[in-house]
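**Q**
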């Protein structure tokens, strides 16, 4: 048994409100399928928009992580020089 969707109800209401009572079955069918196609297009656009937003958000996080890693690498490169000075002070008790 196929579930009746809310969009189907809305589509039927639009058909009833838009087409006159003397509209043929063919006109009703064409209008119904056009509205269903419009709903499918809207869903597809929504999925594309969601994927774009997710990509933008995760890209921003990746860039932030890359910056943090770069700072850590630079600090690690400077660290031996900083430690050498501390080691000399410890050895010579300055």
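Residue numbers (our numbering): 3 to 96.
Backbone N, C-alpha and C fix where the C-beta goes; we use that ideal spot for every residue, glycine too.
Would you call the stretch 43-58 and the stretch 9-22 touching, i.e. three or more CB-CB distances under 8 Å?
**A** No, they do not touch.
**Q** So what's residue 8 in DSSP terms, helix, strand or just coil?
**A** Sequence index remark: in the chain shown, residue 8 carries index 6 (1-based). Residue 8 falls in the helix class under three-state DSSP.
**Q** From residue 49 to residue 75, what distance separates their C-alpha atoms?
**A** For this step, residue 49 is matched to residue 47 along the chain shown. For this step, residue 75 is matched to residue 73 along the chain shown. Distance between the alpha carbons of residue 49 and residue 75 is about 39 Å.
**Q** Helix, strand or coil: which one does DSSP assign to residue 25?
**A** Residue numbering aside, residue 25 sits at position 23 when the chain shown is read from its first letter. Reduced to three states, the DSSP call for residue 25 is coil.
**Q** Would you please state the rounded distance, in angstroms, between the beta carbons of residue 30 and residue 40? I believe it to be under 8 Å.
**A** In the chain shown, counting from the first residue as 1, residue 30 sits at position 28. In the chain shown, counting from the first residue as 1, residue 40 sits at position 38. At roughly 16 Å, the Cβ-Cβ gap does not stay under 8 Å, so residue 30 and residue 40 are not in contact.
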